[in-house]
Amino acid sequence: MPRLSQVMIRTALIWLGVGFTLGGLLLWHQGVPLSPWLLTLRQAHVHMLLVGWTVQLAYGTAFWIFPRLDARGTRGDVRLVWLCYGMLNGGVLLAALYDLARVLVGTGWIGVMPVLAGLLYLGATIAFLVNAWPRVISFRTLPRPE
Amino acid sequence: MYIQARYFIRTALIYLLIAFLVGGLVLINQGLQLHNRIGVLLPVFYHLLMVGWATQLICGVALWMFPVYSKEQPRGDERLGWFTYGTLNVGLLLRAFFEPLHIWVGGWGWTLALSALLQVSAIWVFVIAIWPRVKIRSRKG
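Protein sequences, first through last, are from chains X and Y.
Last residue of the first sequence: number 146 in my numbering, and the count goes up by one each step with no gaps.
Last residue of the second sequence: number 1141 in my numbering, and the count goes up by one each step with no gaps.
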């Protein structure tokens, strides 16, 4: 497993744990009310688990196991996938913190957070696709490198 | 595929079927308005699909296919995987039964708190179990 996949999959695992913890708090609150403030965590729960966990795990695993580009084992431009990693997690953070920030700070400039999160998700996806697309090929025997 | 992964993956497949039975019922009810109580099953459908199917399938495949922990213990401490399997499924089943029941008749709130505790424990134990196996392959020689 390359370093980048390790970082992506471990970050996905952290989002899994945190996302489930928020979901657990929401479910607990539904059965045994704790604080109505907890309801602001619902969006964060969804973004962490759908994007931070599921999508990021898929990206990290795809970067690891998709066919290589040449006999040296090249996985394409790694910088693009690091960029994808940064943008994806930046997007999850912004999307997750938006409702909480809205409760604490009110509306106004906070409105830029979901917009930025959406753009970061889009950028991350494009960066991933540019790297992954040429690697979606049939496995073949490559000549040994000189 | 070793036995623990088979349990995870087959159980995930069962949840897939149940999730779409529930989801189908919710959709049919939206169109035909069979009963106004059926609508509360929507979050149950989401969680059967995303926890019972998707997350459980990922857990099973990861425990099966991720790099080995060590030569002596290729999958690490398998008790952690069994703990995850048990608590995740008991927690999810509690939710699936008692969330609608709590909304319909009330008085079952404690089961939802227990379900939350079980599912959160399951996931953190899974994270602990799989973490050391998310590693860069060591090259010999």
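Ideal placement from N, C-alpha and C gives every residue a C-beta, glycine not left out.
What you are looking at is a predicted structure, and each value in this text was computed from that prediction instead of being measured.
Item, Value
"Minimum C-alpha distance to W109 of chain X - residue among X:L119, X:Y98, X:G118", "X:Y98"
"P134 of chain X - DSSP class collapsed to helix/strand/coil", "helix"
"C-alpha distance - I126 of chain X paired with S5 of chain X, whole-angstrom precision", "18 Å"
"Where M1050 of chain Y sits in the DSSP three-state scheme", "helix"
"Short CB-CB distance (under 8 Å) between R1075 of chain Y and chain X", "no"
"Chain-ordered neighbours of Q6 of chain X on chain Y, where CB pairs are closer than 8 Å", "V1134, K1135, I1136"
"Within the stretch 1022-1093 of chain Y, ranges of the beta strand (DSSP E) (whole runs, at least 3 residues)", "none"
"Reference L26 of chain X, options X:A12, X:G17, X:L41, closest by Cα", "X:L41"
"is_contact[T11 of chain X, chain Y] using C-beta, thresh 8 Å", "no"
"C-beta atoms of A95 of chain X and A117 of chain X nearer than 8 Å", "yes"
"Proximity below 8 Å, CB of L1057 of chain Y to CB of V1022 of chain Y", "no"
"Assigned exposure category for M1001 of chain Y - 16 Cβ within 10 Å defines buried", "exposed"
"Between the CA atoms of T1087 of chain Y and L1080 of chain Y - distance to the nearest angstrom", "11 Å"
"CB contact below 8 Å: K1140 of chain Y versus chain X", "Its pLDDT being 46, under 50, K1140 of chain Y is placed unreliably in this model, and the value from its coordinates should be taken loosely. For K1140 of chain Y, the answer is no, since every Cβ of chain X falls outside 8 Å of its Cβ."
"Cβ-based neighbour list, L1118 of chain Y, same chain, cut-off 6 Å, excluding 5 preceding and 5 following", "T1087, V1090, G1091"
"Segment contact, 8 Å Cβ cut-off, at least three pairs: the stretch 1059-1073 of chain Y with the stretch 1002-1017 of chain Y", "yes"
"Check whether M1 of chain X and Y85 of chain X have beta carbons under 8 Å apart", "no"
"Alpha-carbon spacing of G1031 of chain Y relative to P1067 of chain Y, whole angstroms", "48 Å"
"Own chain residues within Cβ distance below 7 Å of G19 of chain X, not counting five before or after", "H45, M48, L49, G52, W53"
"From X:A58, X:S35, X:D70, residue whose alpha carbon lies closest to that of F139 of chain X", "X:D70"
"Check whether A1113 of chain Y and W28 of chain X have beta carbons under 8 Å apart", "yes"
"Buried versus exposed call for W1110 of chain Y [16 or more other C-beta atoms within 10 Å across all chains shown]", "exposed"
"The ligand ATP heavy atom lying under 7 Å from the CB of R1037 of chain Y", "Ligands are entirely absent from the displayed structure, and the ligand ATP is therefore not among its contents."
"Proximity of A1019 of chain Y and W1064 of chain Y at Cβ, strictly below 8 Å", "no"
"Cβ neighbours of W15 of chain X in the same chain (closer than 6 Å, five flanking residues each side left out)", "M48, G52, W53"
"Spatial neighbours of P134 of chain X in its chain, beta-carbon cut-off 7 Å, leaving aside the 5 residues before and after", "L69, G76"
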